[in-house]
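Which chain is which? The protein sequence lines are A and B, in order.
Quick note on numbering: my numbering labels position 80 of the first sequence as 265, and the sequence is numbered without any gaps.
Quick note on numbering: my numbering labels position 111 of the second sequence as 296, and the sequence is numbered without any gaps.
Think of the CB as a built atom: it goes at the ideal place given N, C-alpha and C, for glycine as much as any other residue.
Heads up, the thing below is written out as structure tokens.
There are 2 protein chains.
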Amino acid sequence: MTESGDRLRADETRARLLDAAVLAFAERGFHGATTRDITSIAGLSAAAIYVHHRSKEELLYQISRTGHLDTLHCVQTAIASSDNPTEQLIALVRDFVIHHARAHTVARVINYELAALSPEHQREIKDLRHTIDAEVRTLIEHGVAQGCFDNPNPQMAAVAVLSLGIDIARWYRDDGAWQPEDLGDHYVDLALRIVGARR
Amino acid sequence: MTESGDRLRADETRARLLDAAVLAFAERGFHGATTRDITSIAGLSAAAIYVHHRSKEELLYQISRTGHLDTLHCVQTAIASSDNPTEQLIALVRDFVIHHARAHTVARVINYELAALSPEHQREIKDLRHTIDAEVRTLIEHGVAQGCFDNPNPQMAAVAVLSLGIDIARWYRDDGAWQPEDLGDHYVDLALRIVGARR
Numbered sequence: 186m187t188e189s190g191d192r193l194r195a196d197e198t199r200a201r202l203l204d205a206a207v208l209a210f211a212e213r214g215f216h217g218a219t220t221r222d223i224t225s226i227a228g229l230s231a232a233a234i235y236v237h238h239r240s241k242e243e244l245l246y247q248i249s250r251t252g253h254l255d256t257l258h259c260v261q262t263a264i265a266s267s268d269n270p271t272e273q274l275i276a277l278v279r280d281f282v283i284h285h286a287r288a289h290t291v292a293r294v295i296n297y298e299l300a301a302l303s304p305e306h307q308r309e310i311k312d313l314r315h316t317i318d319a320e321v322r323t324l325i326e327h328g329v330a331q332g333c334f335d336n337p338n339p340q341m342a343a344v345a346v347l348s349l350g351i352d353i354a355r356w357y358r359d360d361g362a363w364q365p366e367d368l369g370d371h372y373v374d375l376a377l378r379i380v381g382a383r384r
Numbered sequence: 186m187t188e189s190g191d192r193l194r195a196d197e198t199r200a201r202l203l204d205a206a207v208l209a210f211a212e213r214g215f216h217g218a219t220t221r222d223i224t225s226i227a228g229l230s231a232a233a234i235y236v237h238h239r240s241k242e243e244l245l246y247q248i249s250r251t252g253h254l255d256t257l258h259c260v261q262t263a264i265a266s267s268d269n270p271t272e273q274l275i276a277l278v279r280d281f282v283i284h285h286a287r288a289h290t291v292a293r294v295i296n297y298e299l300a301a302l303s304p305e306h307q308r309e310i311k312d313l314r315h316t317i318d319a320e321v322r323t324l325i326e327h328g329v330a331q332g333c334f335d336n337p338n339p340q341m342a343a344v345a346v347l348s349l350g351i352d353i354a355r356w357y358r359d360d361g362a363w364q365p366e367d368l369g370d371h372y373v374d375l376a377l378r379i380v381g382a383r384r
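Here it is in structure tokens:
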């Protein structure tokens, strides 16, 4: 085994543990899931977790950090895709909604288990969330300033648009009536209504 | 101690255990909270729980059943308060939102721990949820039929209105910027936009 082969295998194991932790946390909650639940889902020995991750909280932090960075990237890419606030909002809501429907298990964990993070990790994740909120609020404020949107309370509109997307993670089922893309279209319409987009 | 005094005291203990279970489930999740966590919050001996409730799941079921019946009652009362769909929706959203902000801890438990209920209890609670959903969908359908609302998809509008209210339980903080009543007013405006109410 070469050194780079060892590294590759360690990376794979680390990723397997993260995937297993998402399932275990979603199923039993952070406090209800034991490290043994996680290694058992990953098909590894109980000790494997501490070879690759410092603690159960560290796993939650990695899942949460990656998830929030993905969401921030998706929001910023949508905003960069156009100069027109209506087009920006359409792209943003469609991507945000499709992501929360497809990745509903991860989304549940990172939105419902914030309180289980260490204070330091909580601060870091809350900063990321504030950045995401601010991007959406600024977009809506720009739309209002340019006369594309009509809403006296851009802050509340931003809360509502994000809240609708996040709550999809609670109720979405893979075998339900709606595909992620259909939901994306419907929620674009809802978001345009909320901001009062001129059509 | 008279017999009715005994009964009163037993009722009080049962209620104290339910309140303690709400706190323990909200803090550590259903699977993470032990029966000892619950009796300790209630200030009772570890054995007290089985004198008054059959199991931890039975506590969750009682909390969930009461919470859903309260919500159904609040929805039906709002609808009965007027013949006009716009007035009905205003009353419904205001009450639903204020309730989810004030009772955010209970609302988190009953909305996020459904999967922890026994199959039989899950069926009963899901029936209650379908009844609540159907009340809101029917209200919006009536509003569209009467020309008060303009939305091609009353079912999706009903999902969104309820979803916005439920998600308040995730993010609402007692020491945050908004009082439950302010939030009620803001969300009435959002709901009227979503259904396309003529103003």
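Scanning chain B for C-beta atoms nearer than 8 Å to the C-beta of D312/A yields nothing, as the closest lies near 16 Å away. D280/B places its beta carbon less than 9 Å from that of V260/B.
Within the segment 368–379 of chain B, those residues whose Cβ lies closer than 7 Å to any Cβ of chain A are, in chain order, H371, L375, R378 and I379.
Contact with chain A is found for E212/B, since one of that chain's Cβ atoms lies less than 9 Å from the residue's Cβ. Taking a beta-carbon distance threshold of 9 Å, G217/B counts as an interface residue toward chain A. By the Cβ neighbour-count rule, Y235/A is exposed, with fewer than 16 other Cβ atoms within 10 Å of its own.
For chain B, the residues of the segment 319–352 of chain A that bring a beta carbon within less than 7 Å of one of its beta carbons are N338, M341, A345, S348, L349, I351 and D352, in chain order. The beta carbons of H284/B and Y357/B sit about 11 Å from each other, so the pair does not count as a contact at 8 Å. A direct Cα-Cα distance of roughly 42 Å separates R250/A from E326/B. L349/B places its beta carbon 9 Å or farther from that of L377/B. For Y246/B, not one C-beta of chain A is nearer than 9 Å to its own C-beta. With respect to L324/A, I264/A sits close: the two C-beta atoms are nearer than 9 Å.
Within chain B, no residue has its beta carbon less than 9 Å from that of Y357/A; the closest one is some 11 Å off. Residues of the segment 282–297 of chain A with a Cβ closer than 7 Å to any Cβ of chain B, in chain order: N296 and Y297. For A205/A, no CB of chain B lies under 9 Å from its own CB, so it is not counted at the interface with that chain. Comparing alpha-carbon positions, the option among E366/B, D204/B, D352/B and T219/B lying closest to N296/A turns out to be D352/B.
When rounded, the separation of the alpha-carbon atoms in R192/A and L302/A is 28 Å. Listed in chain order, the alpha helix (DSSP H) elements of length 4 or more contained wholly in the segment 303–368 of chain A are 304–330 and 339–356. Within chain A, no C-beta atom comes less than 8 Å from the C-beta of G190/B; the nearest is roughly 38 Å away. Chain-ordered, the chain B residues with CB closer than 8 Å to the CB of G381/A read R378. With contacts defined as CB atoms closer than 9 Å, G369/A and F334/A fail to qualify as a contacting pair.
Counting the other Cβ atoms within 10 Å of the Cβ of D359/A gives fewer than 16, which makes it exposed.
Within the same chain, and ignoring the five residues on either side of A218/A in sequence, the residues whose Cβ sits closer than 6 Å to its Cβ are A209 and F210.
The residues I248, T290, V291 and V294, in chain order, have a CB closer than 8 Å to that of V207/B in the same chain once the five nearest residues on each side in sequence are set aside.
Interface flag for A231/B against chain A is unset, since no Cβ pair is found closer than 9 Å. Nearest to G214/A by C-alpha distance, out of E242/A, A232/A and R194/A, is E242/A. The DSSP-derived three-state label of L229/B is coil. 9 Å or more divides the Cβ of H306/B from the Cβ of Y372/B. For A288/A, there is no enclosing alpha helix (DSSP H), since its DSSP letter is neither H nor E. In the three-state DSSP reduction, G381/A falls in the coil class, being neither helix nor strand. One thing to note: R322/B has its Cβ within 9 Å of the Cβ of Q340/B. Ranking G361/A, E320/A and A362/A by CA distance to the CA of A343/A puts E320/A first.
Per DSSP, A300/A is not a residue of any alpha helix (DSSP H), being assigned neither H nor E.
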